[in-house]
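Worksheet: one structure, shown below.
There are 2 protein chains.
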Amino acid sequence: MWNNNQLSQSLGIKYPIIQAGMAGGITTPDLVASVSNSGGLGSIGAGYMNVEKLRETIQEVKKLTDQPFSVNLFTPEFVQVEQNEIDQANDWLSRYRYELNINEAPPVEKVTDENFKQQVEVIIEENVPICSFTFGIPDRDIIKKLKEKGIIIIGTATTVDEAIANESAGMDAIVAQGSEAGGHRGSFLNKEAVPMIGTMALVPQVVDYVSIPVIAAGGISDGRGIVASLGLGAKGVQLGTAFLTSEENGSPQVAKLAILNAQETDTVVTTTFSGKPARGLLNDFIKEMRQYEGKVPSYPVQNSLTQPIRAKAAKLNRPEYMSLWCGQNLRSSKENSANQMVIDLVTQVEDVINKLFQS
Amino acid sequence: MWNNNQLSQSLGIKYPIIQAGMAGGITTPDLVASVSNSGGLGSIGAGYMNVEKLRETIQEVKKLTDQPFSVNLFTPEFVQVEQNEIDQANDWLSRYRYELNINEAPPVEKVTDENFKQQVEVIIEENVPICSFTFGIPDRDIIKKLKEKGIIIIGTATTVDEAIANESAGMDAIVAQGSEAGGHRGSFLNKEAVPMIGTMALVPQVVDYVSIPVIAAGGISDGRGIVASLGLGAKGVQLGTAFLTSEENGSPQVAKLAILNAQETDTVVTTTFSGKPARGLLNDFIKEMRQYEGKVPSYPVQNSLTQPIRAKAAKLNRPEYMSLWCGQNLRSSKENSANQMVIDLVTQVEDVINKLFQS
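As they're listed, the protein sequences go chains F and G.
Residue 23 is where the first sequence starts when you use our numbering, and the numbers rise one by one after that.
Residue 23 is where the second sequence starts when you use our numbering, and the numbers rise one by one after that.
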């Protein structure tokens with residue numbers, strides 16, 4: 023059977039279909055639990071969560087499912103941003119704050135790994151079975167601690183070298199994130215020119231260079247993409263955009279609508295929202311700020327500076343100023359329950375295999 | 023059987039594996055005939071050929087195979103380039119001409135569709151069974167004439183809208199060119215921002231919007247990519263980079279070596295060589311000319327201006343000034359006969375299907 027393999031066995035799930043741990047309130051406990059209850063792997067996108075919120079979310083998920091689920095964390099980055107860069111960015115952003123009636127620029131806190139370390143403690147204390155990482159590989163002692171507790175850890179790679187680095191660091195599996203993927207690029211080795219390797223090219227090359235199971239991500243939205251990924255040598259898939267229009271999703275309705283109406287040519291990769299390249303729907307903010315690409319403060323500083331703008335825009339139904347992260351496979355987006363989505367994906371996979379490959 | 027479908031039947035070939043019609047002397051009659059004799063579809067990359075060369079090449083291929091083969095043409099574009107733009111570009115290019123001992127800038131001929139029309143006549147006179155197009159859709163009367171002669175015509179699309187336009191114009195099949203693909207982007211509807219949709223996302227979306235067979239291209243280099251493409255709903259695949267290192271290939275040895283040693287992160291998309299976005303290995307020319315991206319004359323003018331530089335660099339084994347077009351799936355590049363390549367691809371496809379999908 024296509025679904026019973028090294029990855030699904032080690033994660034303890036029925037279907038190697040992972041709902042991506044999208045950050046920013048998207049992955050509600052309902053969504054995560056619903057995917058896990060349907061036989062896939064739900065993921066809490068905890069990148070921006072403080073420890074109280076993370077603990078509360080984990081506990082809510084546990085109330086809703088007895089199946090495995092995962093938490094996705096952002097590996098911290100240490101950046102030095104000068105005050106004049108922040109002042110400059112605030113100047114560029116002032117027109118949005120004015121338009122949205124935001125009185126002042128948010129304070130920029132010192133970038134530390136304190137919250138990340140506390141997140142890891144919560145994951146251990148709450149016996150979360152699986153933890154995945156984006157933006158890089160955590161320190162050796164954190165990996166050691168998680169592994170000692172029997173927690174399965176999953177890294178993210180956008181190149182073969184990043185995949186090799188993840189395997190060397192002890193990751194149990196690796197998400198190979200192709201250029202089609204929505205949201206932030208997980209790249210961490212080539213920071214000047216973020217690698218944009220398409221999923222079709224990335225997955226088989228990664229598979230050839232690591233021995234841990236590879237999870238394909240980027241541009242996969244239905245059973246055809248799952249079969250394709252398995253054909254390329256992946257043991258599983260990770261879908262983000264497809265679950266963005268699930269009923270359980272925590273995105274604002276205006277964001278869901280924008281994605282339901284979007285086409286494959288509507289996305290761009292931009293650093294203007296967060297200081298780190300991410301794929302989302304092209305809108306006024308990105309168009310107007312495009313002139314400052316490469317000049318805005320590095321992540322996570324720019325992300326903090328635009329946070330109140332994005333939040334207020336969401337509140338006021340102003341999609342032109344929101345970060346509408348999504349991938350390039352958009353035309354088949356549908357509103358549905360996450361449970362029905364997983365059922366449909368499994369049916370589609372079996373249909374494709376039966377039609378094409380069963381002799 | 024995976025290989026017996028609407029596409030292979032209509033093309034009259036055993037395996038729906040197409041060798042891309044790469045222009046510039048790459049697709050020798052030996053290569054084209056060898057692929058066709060092996061059960062795939064060999065293609066003459068005739069984009070830059072004059073009619074004499076095209077006729078001679080077709081006749082040589084016919085001597086070497088009685089199997090179907092195709093000719094790929096560049097649909098002409100009408101651009102207006104001012105003399106001062108040409109002078110400016112020649113100024114930027116003068117350092118390369120100096121270094122390679124090229125005495126003067128080449129004359130820029132008026133851009134017309136005369137050669138293209140003559141190429142079409144040769145294809146008809148020589149009874150070429152299949153003709154494919156890149157860079158756009160030819161005029162209605164040319165399509166009508168080719169179809170009346172029973173010639174099968176194949177278009178190229180990089181977006182769903184381009185695929186729909188190709189189908190409406192009467193194309194019999196369509197190549198869906200994902201962002202991973204090497205060489206020129208076939209885009210023709212969105213010229214300002216060339217669409218870079220990855221193959222994994224592009225193919226299923228195109229399949230859902232057209233009823234003619236879809237041929238997947240971009241990032242496919244082995245049997246895994248072929249199985250993946252079939253899973254996505256494509257009826258066949260087109261491979262370029264994989265055949266760049268075939269023994270029959272007409273590329274200079276230095277270009278083959280560069281590709282054999284390259285990795286997935288080594289390519290970029292640049293307009294600096296031709297005035298049109300194309301993917302190839304990053305080298306000194308691209309790095310140094312990068313500052314003029316978007317400022318060089320449009321294709322085909324810039325292409326003519328750099329032609330002597332590229333040709334002389336090839337002669338002198340100076341890969342740093344050559345256009346080393348290739349896609350993102352590079353790590354598995356191997357030198358082999360084209361015949362053995364097709365045999366290996368077919369074996370790999372059957373292995374993947376047997377291992378994964380046969381119950």
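Note that the Cβ used here is the ideal one computed from N, Cα and C, for glycine as well.
Source: prediction; values computed, not measured.
The beta-carbon distance between residue 128 of chain G and residue 279 of chain G, rounded to whole angstroms, is 28 Å. This is too long to meet the 8 Å contact definition. With the criterion set as a beta carbon lying under 8 Å from some beta carbon of chain G, the stretch 291-323 of chain F has no members that meet it. The beta carbon of residue 124 of chain G sits no closer than 9 Å to any beta carbon of chain F. Secondary structure at residue 96 of chain G: strand, using DSSP grouped into helix, strand and coil.
Listed in chain order, the positions of the stretch 99-114 of chain F with a beta carbon within less than 9 Å of a beta carbon of chain G would be empty, since no residue qualifies. Ranked by how close their Cα comes to the Cα of residue 294 of chain G, the residues G:265, G:368, G:205 have G:205 in first place. Pairing residue 108 of chain G with residue 133 of chain G gives a Cβ-Cβ distance that is not under 9 Å.
The three-state secondary structure of residue 351 of chain F, taken from DSSP, is coil.
Listed as beta-bridge partners of residue 378 of chain F by DSSP are no residues whatsoever. For the stretch 239-269 of chain G, the residues whose beta carbon sits under 9 Å from a beta carbon of chain F are, in order, 240, 241, 242, 243, 244, 245, 246, 247, 248, 249, 250, 251, 252, 253, 254, 255. Taking CB atoms only, residue 158 of chain G has no neighbour in chain F less than 9 Å away. Contact of residue 354 of chain F with chain G by beta-carbon distance below 8 Å involves 226, 227, 230.
Spatial neighbours of residue 202 of chain F in its own chain (CB-CB distance under 6 Å, excluding positions within 5 residues in sequence) are listed in chain order as 221, 240, 241, 349, 350.
Nearest Cα to residue 183 of chain G within the set G:369, G:208, G:174: G:208.
Partner residues in the beta bridge of residue 178 of chain F, as assigned by DSSP, are F:197.
Between residue 286 of chain F and residue 223 of chain G, the C-beta spacing is below 9 Å. Residue-level contact by beta carbon fails for residue 96 of chain F and chain G, as no gap is shorter than 9 Å. The way I'd put it, the stretch 267-283 of chain G doesn't touch the stretch 166-182 of chain F; fewer than three beta-carbon pairs between them come closer than 8 Å. For the options G:269, G:262, G:229, the alpha carbon positioned closest to that of residue 252 of chain G is the one of G:229. Per DSSP, reduced to three states, the secondary structure at residue 332 of chain F is helical. Think of a sphere of 7 Å around the beta carbon of residue 136 of chain G: no beta carbon from chain F falls inside it, the nearest being about 33 Å out.
Annotation: the stretch 242-309 of chain F contains the following complete segments of the beta strand (DSSP E) (minimum length 3 residues), in chain order: 258-261, 289-292, 300-303. Under the Cβ criterion (8 Å, minimum of three pairs), the stretch 58-65 of chain G counts as touching the stretch 84-93 of chain G.
Under a 10 Å Cβ-count criterion, residue 190 of chain F is classified as exposed, with fewer than 16 other Cβ atoms of the shown protein chains found around its own Cβ. Assigned with DSSP and collapsed to three states, residue 41 of chain G falls in strand.
The CB of residue 181 of chain G comes closer than 7 Å to the CB of 286, 287 in chain F, given here in chain order. By alpha-carbon distance to residue 157 of chain F, the top candidate from F:168, F:318, F:185 is F:185. F:152 is the residue among F:139, F:152, F:77 whose C-alpha sits nearest the C-alpha of residue 30 of chain F.
Taking the beta carbon of residue 347 of chain G as reference, no residue of chain F falls within 8 Å; the closest one sits roughly 15 Å away.
In this model, residue 139 of chain F and residue 46 of chain F are separated by some 19 Å (Cα to Cα). Proximity of chain G to residue 49 of chain F at the Cβ level (cut-off 9 Å) is not reached, the minimal Cβ distance being about 22 Å. At least one C-beta of chain G is nearer than 9 Å to the C-beta of residue 374 of chain F. Listed along chain G, no residue sits closer than 8 Å to residue 359 of chain F by beta-carbon distance, the nearest being about 22 Å off. Within the stretch 192-223 of chain G, 200, 201, 202, 212, 217, 219, 220, 221, 222, 223 place their CB atoms closer than 7 Å to a CB of chain F, listed in sequence order. Within its own chain, no residue has a Cβ closer than 6 Å to the Cβ of residue 136 of chain F once the five positions on either side in sequence are excluded. For the pair residue 142 of chain G and residue 164 of chain G, the CB atoms are nearer than the 9 Å cut-off.
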